[in-house]
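Following: one structure in structure tokens, then a few remarks.
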Amino acid sequence: LSDDGAIHGLAWACWLGVILLIVTLSRNPWYLGLALVWVSVVDAFARRRPLLGRVAPLWSPLRFGLVVIPLTAFFNFLTVHVGTTVLVRLPASWPVIGGALTLEALVYGALNGLALTCIFAAFAVVNRVVSLRALIQLIPRTYYPVAVITAIAVTFVPATLYHWQQIREAQAVRGHRLRGLRSWLPLWLPLLTGGLERALQLAEAMTARGFAGGPAHYPAARLMLLAAGLLAVLGGLLVRLIGAGDLWSSLLMVGGGGAVLWVLRAAGRQHPHTRYRPMPWRGRDWVVVGGALITATVWLLPLPGRSTIFFTPYPTLTLPALALSTGIALWGLLAPAAVWLAMPPPVEEGAGAGGAWEGEQQHDRI
Amino acid sequence: MSVPVPQVPVKPVAVNRQMPQFATFTIYLLTTGIGVVALLYPFWLPSVVQTGQGGMAHAQDAPLILTLLVGLAFAVLLLEVQTAAGSAKTVALLGVLVAINSILRFVDVAIPGPGGFSPIFVLIILGGYIFGGRIGFLLGVMTLLVSALITGAVGPWLPYQMFTAGWIGLSAPLCRPLVRALGAEGRAGEIWVLAIFGAIWGIIFGIIINLWFWPFVAGSASQYWQPGIGVWATVQRYMVFYAATSLVWDSSRALGNALLILAFGAAILRVLRRFHRRFVFHYAPAPVRAPVVYAPALTPTPRVEVQP
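First to last, the sequence lines map onto chains A and B. Mapping to the working numbering: the first sequence position 144 is 616, numbers consecutive. Mapping to the working numbering: the second sequence position 15 is 14, numbers consecutive.
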């Protein structure tokens, strides 16, 4: 078997998490720009690997950025009347948009658009390189029924497409033509009826093979703990909103969230299971996680230059500062590209050239 | 001469339903509360900032807090709702319905309809209406998840889409009392109620989905410098943004939902009702009557009744 250069889904989740952390914390254009460039480099390397993920998204990150950055900049420019560099002044009597329109608001809006583009680009990479099987395996054990339904649905999609084609041909032979909305009914109804009939057969087959899901039983004490945890989170959020105290708010939210997570983990233990083809955790996955952790650590620790992360163009636009250590830490995002660079170039086998769907079908049958 | 046979009391299964039901109700209430407050958090933010208690820090972490809280509420709600998918029949039913609906999304992505039009909501609404809120929630959540997996549409918007589509299915049974009150079951009135419901959700879906990036668009720090801005002012900004960027888009979704339900609703409801009787039924031991016997009584065997 040739090595397809696949990186574990959890490693990609870490990489993605750190990018979300960066765009959440910072509006410094240097850092946002660097993050976007490094994500684009990883994307360029990903395009040279076999397509493991699904079809590429309709919008490329470049196209997304070209639409979203001007949109957010213009909207902020029109509706936020803050800043000292006034470009235009609209009559104050005009609702919402009336007042001073400033350069600072325009820049801040563009930076928000840049952050959104960065998120979009990162998800586009993950969509390209993470296989369907790996994504389904990422569903936590707590949601075992959800994972089973997902696996069934994904497996049934090609069969349903085939069924749809058959119905179309059969109706065409009978002289059916698509004229107006209601003429779709003779196509959709057989598809729905046939699908539900197949669901009954599948259920019988599952039962015959020993599938016994049964309603999950959660002890009352655990349910009460779950409710108490949620109550604490809601209380913490409300305390935060009324500004009654940061300490209490944080304590309530962290405590409540911890209780909820504990119950979720305990619920997951009710579903012991084995994996038919577990994806191995390899050295390359450690490299990606390590790169992401280095970036996160430098960004979260109170190191010199960290204050440059929190750039704001208000009240007067200034040139943002760039700290060397914080900027270099972003190189951690390049870890996936480094992994692929160290590997031999992929062999063109033709498999997957028509999209990942065919390749997935070899693995994901249940 | 008949031998008097003592009545054999059938002891009900010892299940304490009250506690789980109370806990379930509390969980629904709290997750909805957290979801709503978290989604509205960015609107309150300017007021929080002005209180001065670490307001600037709150402004910075708004997207993070929003994502974490919505994620937490969604995780708990999904845990509760997935108990509905206990049997092989329900699992298979959901798997196949989700596959059909995902095909519709696939077609919609390949041949985009006008604006935000998408055919996936019809089955979520009608499925939730017939099979119940939990199945409707799962149908909504799983449709968005599976279709995102197969079309490469996994993104930060996905949890919001899943949560909102789940809410659509979860709330669909709310139409039942109205349909009953109108005496419109099985009539045209039922379809009209569902079509209006679909149209309303077409708009609300867009309003909620836009909130995932609203903290980015609204800008958080900018509010800090603007004296006097409050919840209403922020809502006004959002309304302007929504009207400018999404209202036309979402209107086509609302119109599409209504038209599709009006055109196909009656036929799909008939099919779903027919299969509902085959998929969802409960085994309930019948009360054992004293048999008229002429011999020493045998241990009565509970009869199994199939109730639709």
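For each residue, glycine too, the CB sits at the ideal point set by N, CA and C. Here the structure is a predicted model, which is why all the values come from computation and not from measurement.
At a Cβ-Cβ threshold of 8 angstroms, residue 116(B) and residue 264(B) do not count as neighbours.
Within the same chain, and ignoring the five residues on either side of residue 70(B) in sequence, the residues whose Cβ sits closer than 7 angstroms to its Cβ are 158.
Nearest to residue 763(A) by C-alpha distance, out of 488(A), 478(A), 477(A), is 488(A).
The beta carbons of residue 140(B) and residue 77(B) sit closer together than 8 angstroms.
Contact residues of the region 643-662 of chain A toward chain B are 653, 654, 657, 660, 661 (C-beta to C-beta distance below 7 angstroms). For residue 100(B), the closest of 135(B), 85(B), 79(B), 86(B) by C-alpha to C-alpha distance is 135(B).
Contact of residue 798(A) with chain B is not assigned, every C-beta pair being separated by 8 angstroms or more.
Around residue 500(A), no beta-carbon contact reaches into chain B at under 9 angstroms, the shortest distance being about 12 angstroms. Residues 487, 490, 491, 507, 510, 511, 514, 763, 764, 767 of the same chain have their beta carbon placed closer than 8 angstroms to that of residue 805(A), with the five preceding and five following residues left out of the count. Against chain A, a Cβ distance below 9 angstroms from residue 161(B) picks out nothing, because the smallest value is about 10 angstroms. Counted as a single uninterrupted DSSP element, the beta strand (DSSP E) harbouring residue 562(A) occupies residues 558-562. Exclusion of the five residues before and after residue 662(A) leaves 639 as the residues of its chain whose Cβ lies within less than 6 angstroms of its Cβ.
Taken in chain order, the members of the region 240-263 of chain B whose beta-carbon sits within less than 8 angstroms of a beta-carbon on chain A are 240, 243, 244, 258, 259, 262, 263. Counting only the Cα atoms, residue 725(A) lies some 9 angstroms from residue 702(A). Excluding five sequence positions before and after residue 544(A), the CB atoms of its chain that fall closer than 6 angstroms to its own CB belong to 581, 584, 585, given in chain order. DSSP places residue 574(A) in the strand class (E or B) of the three-state scheme. Within a 10 Å sphere around the beta-carbon of residue 714(A) sit fewer than 16 other beta-carbons, which makes this residue exposed.
Apart from the 5 residues on each side of it in sequence, residue 88(B) sits with its Cβ closer than 6 angstroms to the Cβ of 278 in its chain, given in chain order. In the three-state scheme derived from DSSP, where H, G and I count as helix and E and B as strand, residue 635(A) is classed as helix.
Judged by DSSP in its simplified three-state form, residue 786(A) adopts coil rather than helix or strand.
Three or more Cβ pairs drawn from the region 540-556 of chain A and the region 781-792 of chain A lie within less than 8 angstroms of each other, which places the two stretches in contact. In the DSSP assignment, residue 609(A) falls within the unbroken alpha helix (DSSP H) covering 604-609. In this structure the region 658-678 of chain A lies against the region 268-276 of chain B, because at least three pairs of beta carbons, one per stretch, are closer than 8 angstroms. For residue 683(A), no alpha helix (DSSP H) encloses it, and the DSSP letter there is neither H nor E.
Contact check between the region 611-622 of chain A and the region 77-86 of chain B: three or more CB pairs, one atom from each, fall below 8 angstroms, which counts as touching. For residue 762(A), not one C-beta of chain B is nearer than 8 angstroms to its own C-beta. Here the alpha carbons of residue 167(B) and residue 656(A) stand approximately 24 angstroms from one another. From the beta-carbon of residue 732(A), the residues of chain B found nearer than 7 angstroms are 71, 75.
The Cβ of residue 134(B) sits no closer than 8 angstroms to any Cβ of chain A. For the set 21(B), 211(B), 65(B), the Cα lying nearest the Cα of residue 155(B) is the one of 211(B). Per DSSP, residue 496(A) is one residue of the alpha helix (DSSP H) stretching across 481-497.
With contacts defined as CB atoms closer than 8 angstroms, residue 816(A) and residue 479(A) fail to qualify as a contacting pair. For the C-beta of residue 101(B), the chain A residues within less than 7 angstroms are, from N- to C-terminus, 625, 629.
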